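**Student:**
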Amino acid sequence: MEAKIIDGKAISNRIRESIKQKVEELKNKGGPTPELDVILVGDDPASEVYVRHKERAFRQAGMNSNVIRMDADTHQDAVLEQIERLNNDKNVHGILVQLPLPPQIDPRLIINAIDPKKDVDGFHPVNAGRLMTGQDCLEPCTPKGIIRLIQETGEQIYGKYAVVIGRSNIVGKPISLMLLQNDATVTICHSKTSGLEDICRRADILVVAIGKPNFVDNRFVKDGAIVIDVGINRVNNKLIGDVNFQEVKQKAGWITPVPGGVGPMTITMLLENTLQAAMRNE
Ligand code: GUN
Numbered sequence: 068m069e070a071k072i073i074d075g076k077a078i079s080n081r082i083r084e085s086i087k088q089k090v091e092e093l094k095n096k097g098g099p100t101p102e103l104d105v106i107l108v109g110d111d112p113a114s115e116v117y118v119r120h121k122e123r124a125f126r127q128a129g130m131n132s133n134v135i136r137m138d139a140d141t142h143q144d145a146v147l148e149q150i151e152r153l154n155n156d157k158n159v160h161g162i163l164v165q166l167p168l169p170p171q172i173d174p175r176l177i178i179n180a181i182d183p184k185k186d187v188d189g190f191h192p193v194n195a196g197r198l199m200t201g202q203d204c205l206e207p208c209t210p211k212g213i214i215r216l217i218q219e220t221g222e223q224i225y226g227k228y229a230v231v232i233g234r235s236n237i238v239g240k241p242i243s244l245m246l247l248q249n250d251a252t253v254t255i256c257h258s259k260t261s262g263l264e265d266i267c268r269r270a271d272i273l274v275v276a277i278g279k280p281n282f283v284d285n286r287f288v289k290d291g292a293i294v295i296d297v298g299i300n301r302v303n304n305k306l307i308g309d310v311n312f313q314e315v316k317q318k319a320g321w322i323t324p325v326p327g328g329v330g331p332m333t334i335t336m337l338l339e340n341t342l343q344a345a346m347r348n349e
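For reference, each letter of the sequence shown is one residue, going 68 to 349 in our numbering.
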């Protein structure tokens, strides 16, 4: 039987509508207008696109966003100064430094300078540590969106065997912890894993974030599995996932498309985190 499609765009639109209402309620009771400030260093074309999408989503949700553009040759200290200023600005609830950064800037130093209460990307070690120890925190947006997508299928995560391909701090590690927190049994695989296919073929939930177009085909997939494709690869000006969608949809039970799966959820979770930060730090 053919897999059911997890429509990230439709799910995302529904959540955005509910966020918009909550923002409206917050403002009506005299609360602040949630604001995200984005620091964009240099002129990476993909980053420009992401930042434009973020600006539009915030506007549509009735929230403020402000982009601070800095030249590609900006000194690290100048970025740190901006972060310090935003940390101290009561009208700013979320701070996001767009990655990647130019080579003269150390992304760890930059992320560590953000006030954890305003770290709506969930990248600061305090938030990562809180996530690992099961404490309330700002969760990274892409994994948070993935959990929502799986929940939307109506299948429970509890007791399932989940395999994650990818071990990045942004996706692989946090999604593994979140699946574990939801009572899945989790294996983390990566480019050096031996016997990858055999491990993946046992997965009830397979999350693929390896960054290689069409890497996962039917040989990696168990009948009826939930397959989440986090890949965004630009090939001949088309967006291609890490999963061979046409082939895997013949075998999986559920599958996310690219585009229109995980992608739209990331910005939606950024809206949610910024609202959460605004409500907490009022
Ligand atoms: N660049 C690509 N994706 C992201 C993201 O989620 N957060 C940040 N800060 N930069 C990115």
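The C-beta atom is built at its ideal place from N, Cα and C for all residues, glycine as well. Remember, it's a predicted structure, so these values are computed and weren't measured experimentally.
When DSSP builds the beta bridges, which residues end up paired with Lys71?
**Tutor:** Taking the first residue of the sequence shown as position 1, residue 71 is located at position 4. Answer by DSSP bridge pairing, in chain order: Trp321.
**Student:** For Val310 and Ala180, what's the separation of their Cα atoms in angstroms?
**Tutor:** Counting from 1 along the sequence shown, the entry for residue 310 is found at position 243. Counting from 1 along the sequence shown, the entry for residue 180 is found at position 113. Straight-line measurement puts the Cα of Ala180 at about 36 Å from the Cα of Val310.
**Student:** Counting pairs of Cβ atoms below 8 Å between the stretch 298-313 and the stretch 123-136, do you hit three or more?
**Tutor:** Contact between the stretch 298-313 and the stretch 123-136 is not established, with fewer than three Cβ pairs separated by less than 8 Å.
**Student:** Identify, in the order they occur along the chain, each residue of the same chain with its Cβ nearer than 6 Å to the Cβ of Lys71, setting aside the five sequence neighbours on each side.
**Tutor:** Residue mapping note: residue 71 aligns to position 4 of the sequence shown, counting from 1. Leaving aside the five residues that flank Lys71 on each side, the residues in its chain whose CB is nearer than 6 Å to its CB run, in chain order, Trp321.
**Student:** Along the chain, where does the alpha helix (DSSP H) that runs through Met336 open and close?
**Tutor:** Reading the sequence shown from its first residue, position 269 is the one you call residue 336. Note, Met336: alpha helix (DSSP H), 329-347.
**Student:** Please determine, among Cys256, Ala139, Val187, Thr209, the residue with the shortest C-alpha to C-alpha distance to Ser132.
**Tutor:** Working through the sequence shown from its first residue, we reach residue 132 at position 65. Closest option to Ser132, Cα to Cα, is Val187.
**Student:** Of the residues Lys94, Lys76, Pro241, which one's Cα is nearest the Cα of Gly129?
**Tutor:** Position 62 of the sequence shown holds residue 129. Ranking the options by Cα distance to Gly129, first place goes to Lys94.
**Student:** Note down the Cα distance separating Lys184 from Met68, rounded to an integer number of angstroms.
**Tutor:** For the purposes of this step, residue 184 is identified with residue 117 of the sequence shown, where counting begins at 1. For the purposes of this step, residue 68 is identified with residue 1 of the sequence shown, where counting begins at 1. Distance between the alpha carbons of Lys184 and Met68 is about 46 Å.
**Student:** I want to know whether the stretch 334-343 touches the stretch 79-86 - three or more CB-CB distances under 8 Å.
**Tutor:** yes
**Student:** Give a single yes or no on whether Thr341 has its beta carbon closer than 7 Å to a heavy atom of the ligand PLP.
**Tutor:** Looking at this structure, you won't find the ligand PLP anywhere; what it does contain is the ligand GUN.
**Student:** When the Cα of Lys227 is compared with those of Arg347, Lys289, Ser261, Ile135, which residue comes out closest?
**Tutor:** Within the sequence shown, residue 227 is the residue found at index 160, counting from 1. Minimum Cα distance to Lys227 is reached at Lys289.
**Student:** Excluding the five sequence neighbours on either side, which residues of its own chain have a C-beta within less than 6 Å of the C-beta of Asp104, listed in chain order?
**Tutor:** Locating residue 104 in the sequence shown gives position 37, counting from the first residue. Contacts found: Asn133, Leu153, Val159, Ile162.
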